[in-house]
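A quick write-up on the structure given underneath.
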Amino acid sequence: MTEAPAIRSGESVRPIAEAQARAARLASALRAYGVRPGDRVAVVLRNEIAFLEASIAAGLAGAVPVPVNWHWTGDDLAYLLADSGSVVAFAHTDLLPGVAAAAPEGMRIVEVPPAPELVAAYGLSTAPTGEYPLIDDVIAAHEPLSEAPTESQSGMIYTSGTTGRPKGILREPMGAEQALELAHLVFSAFGLRPGARTMVPAPMYHTAPNTHALMAVTLGCDVTTMPRFDPEEFLRLIEANRIEHIQTVPTMFVRLLRLPKEVRERYDLSSLKAVVHAAAPCPPDVKRAIIDWFGPIILEYYGGSETGVVVACDSPQWLAHPGTVGTAVAGAGVRVLGPDDTDVPTGEIGEVYLKPPPAWPNFTYLGAGAKRAAMERAGYLTVGDMGYLDGDGFLYLTDRRNDMVISGGVNIYPAEIENCLIGMDGVRDVAVFGIPDPDFGEALAAHVEAEPGVTAEAVRAYVRDHLAGYKAPKVVVFEEALPREDSGKLFKRRLREPYWTETGRRI
16 MTEAPAIRSG
26 ESVRPIAEAQ
36 ARAARLASAL
46 RAYGVRPGDR
56 VAVVLRNEIA
66 FLEASIAAGL
76 AGAVPVPVNW
86 HWTGDDLAYL
96 LADSGSVVAF
106 AHTDLLPGVA
116 AAAPEGMRIV
126 EVPPAPELVA
136 AYGLSTAPTG
146 EYPLIDDVIA
156 AHEPLSEAPT
166 ESQSGMIYTS
176 GTTGRPKGIL
186 REPMGAEQAL
196 ELAHLVFSAF
206 GLRPGARTMV
216 PAPMYHTAPN
226 THALMAVTLG
236 CDVTTMPRFD
246 PEEFLRLIEA
256 NRIEHIQTVP
266 TMFVRLLRLP
276 KEVRERYDLS
286 SLKAVVHAAA
296 PCPPDVKRAI
306 IDWFGPIILE
316 YYGGSETGVV
326 VACDSPQWLA
336 HPGTVGTAVA
346 GAGVRVLGPD
356 DTDVPTGEIG
366 EVYLKPPPAW
376 PNFTYLGAGA
386 KRAAMERAGY
396 LTVGDMGYLD
406 GDGFLYLTDR
416 RNDMVISGGV
426 NIYPAEIENC
436 LIGMDGVRDV
446 AVFGIPDPDF
456 GEALAAHVEA
466 EPGVTAEAVR
476 AYVRDHLAGY
486 KAPKVVVFEE
496 ALPREDSGKL
506 FKRRLREPYW
516 TETGRRI
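Per the working numbering, the very first residue in the sequence shown carries number 16; after that it's consecutive.
Following this line, the structure appears as structure tokens:
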């Protein structure tokens, strides 16, 4: 390991000073391409060093980087590139045909041959197309941009689009003082410190790993990125790079805990000081097991791409309040509102509204200001989650508003059933949701990824043994693999939609 802080990806190692110098040259190239402050630059790349260099370059040029989910193709990709107004795109070689076909007229494309670790992880070709300028040639052809941007631009993340098209979250630019205050807030919630050795195993096109990685590089941390998550490789990298801090999602915990005991004990994890998770609720049994393994160093925070970090808790707080996502951080606030937009009593479920901390920049949805206005109540914003507050002010999430099932007039929260079933022997993954029912309006369906031998009746019996009988799924379907992103996000809509297509009802 080199002494100077570096960005590490597979066997590729680049000192941060060198990566920043390359980004400054890329920023000059972007200016030469006509990019001006406020313009958007698409980053259609998997996790590797070039992702960070391209994102930093866009910021240095005063532009807004747009991290793009590289799985998107066809109409979805064409919509994003056009909606964002991206004038330049960085794309991996194998993704170029899709990007070129979807590109709006006049958009410039820079080709990024995939790094060796990506070639190995995804079985990619290494031969450049020869049709577009290569990133290394572009860097070599330009001097570093010497002028510093007057304002800091955050990346424009596109929401996942659970209803309608994804929306671009365009944040207001920040001055130097606000950017520094925001960095302190994020570092505190993430359990990170300048100079730490950190790892980013989740895709950087998502808000949390993107913010984490870019801030870590800016503040001189040693950053290891994983091309794609593999549980044993995750442990190996902690030992090899003496990782102190990691940003994770709960599905990674599930996969780590399923490793054989001898594999889990093979690696030295003593360097770890903080493991932070977010993005989705963590089943309590999983959270307790990972604390038992890693120690009381597990941190959790909650918010949205729109709001940033609003709620957080450490391991002792969670153990004292099992299932919580924490209490409001300094300057932030939480309310739980009923259908009449008034606060519900303590312990009662309602829609969660969040007041971001003062340092978090205000935002709008690009081209959808009305949707932005509709989510706000007196300075508090909802990202569509249901939950409740306990008497100590700790927040608990029950489910997504759109996922709640009303069966025979009873509200049922599928996340509770999913958390139950993930603890069943032989169940690897599960998605529970509502389907049309002629008698009750909605019934429960469970799509399950399981080991051979698990039966539908065993699934129902397990739920009845642990929860109220009416929460047992009427329909159980076994899947070879549930549709999840690399980040762990479950595309439940894909599973639910076929059940509702013939009814004509919105889901």
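Using N, Cα and C, we set each Cβ at its ideal position, and we do this for glycine too.
Computed from a prediction, not measured in an experiment: that's the story for all the values here.
Beta-carbon separation (whole angstroms), residue 211 vs residue 236, contact threshold 8 Å: 5 Å
Best match in 182, 72, 157, 101 for proximity to residue 385 [C-alpha to C-alpha]: 182
Residue 519 to residue 452 span [Cα, whole Å]: Note that residue 519 has pLDDT 48, beneath the 50 cutoff, so the model's placement of it is unreliable and no number is given.
Rounded separation between residue 434 and residue 151 - CA only: Rounded to the nearest angstrom, the two C-alpha atoms are 47 Å apart.
Residue 508, DSSP secondary structure in three states: helix
Counted within 10 angstroms of its Cβ, other Cβ atoms place residue 487 as buried (16 or more) or exposed: buried
Residue 492 classed as buried or exposed, judged by whether at least 16 other C-beta atoms fall within 10 angstroms: exposed
Nearest-angstrom Cα separation, counted from residue 260 out to residue 439: 30 Å
Euclidean distance between Cα positions of residue 285 and residue 308: 11 Å
Status (buried if at least 16 other CB within 10 Å, exposed otherwise) for residue 377: exposed
Whole-angstrom C-beta distance between residue 432 and residue 232, which should lie under 8 Å: Not confirmed; about 40 Å, so no contact.
Residue 307: CB within 7 Å of a non-hydrogen atom of the ligand NAD: Absence of the ligand NAD from the depicted structure is noted, as is the absence of any ligand whatsoever, leaving it without description.
Minimum C-alpha distance to residue 280 - residue among 262, 251, 299: 251
Integer-rounded CB distance, given that residue 41 should sit under 8 Å from residue 69: Indeed, because the Cβ distance is near 7 Å, the residues count as touching under 8 Å.
First and last residue of the uninterrupted alpha helix (DSSP H) at residue 481: 471 to 481
Contact under 8 Å by Cβ, residue 230 with residue 264: For residue 230 and residue 264, no; Cβs fall outside 8 Å.
Where residue 24 falls: helix, strand or coil (DSSP): strand
Beta-carbon proximity check, residue 523 vs residue 168, cutoff 8 Å: Since the displayed the chain opens at 16 and closes at 522, residue 523 lies outside it and no answer follows.
Endpoints, the beta strand (DSSP E) within which residue 214 is located: 212 to 215
For residue 247: DSSP bridge partner residues: According to DSSP, residue 247 bridges with nothing at all.
Beta-carbon gap between residue 479 and residue 465 smaller than 8 Å: no
For residue 369, three-class secondary structure by DSSP: strand
Coarse secondary structure for residue 168, derived from DSSP in three states: coil
Counterpart residues of residue 287 in DSSP-defined beta bridges: Beta-bridge pairing by DSSP links residue 287 to no other residue.
Through-space distance from residue 381 to residue 108, alpha-carbon basis: 29 Å
Length of the line joining the Cα atoms of residue 16 and residue 249: Reliability of the predicted coordinates at residue 16 is poor, the pLDDT of 48 falling under 50, and the value obtained from them is presented with this limitation in mind. The straight-line gap separating the alpha-carbon atoms of residue 16 and residue 249 is approximately 17 Å.
Counted within 10 angstroms of its Cβ, other Cβ atoms place residue 258 as buried (16 or more) or exposed: buried
Pairwise C-alpha distance: residue 61 and residue 134: 11 Å
Helix, strand or coil at residue 189 [DSSP, three-state]: The answer is strand: DSSP assigns residue 189 an E or B state.
Limits of the beta strand (DSSP E) - the one that residue 318 falls within: Counting along the chain, the beta strand (DSSP E) containing residue 318 begins and ends at 313 to 319.
Enclosing alpha helix (DSSP H) for residue 227 [first to last residue]: From DSSP, the alpha helix (DSSP H) with residue 227 extends over 222 to 233.
Residue from 383, 396, 362 with nearest C-alpha to residue 356: Answer by Cα proximity: 396.
Sufficient close CB pairs (3 or more, under 8 Å) joining the region 349 to 367 to the region 327 to 340: no
Inter-stretch contact at 8 Å, needing at least 3 Cβ pairs: the region 394 to 414 / the region 313 to 321: yes
Proximity to residue 154 [Cα-Cα], best of 472, 83, 36, 417: 36
When 341, 429, 467 are compared against residue 293, the one with the closest alpha-carbon: 341
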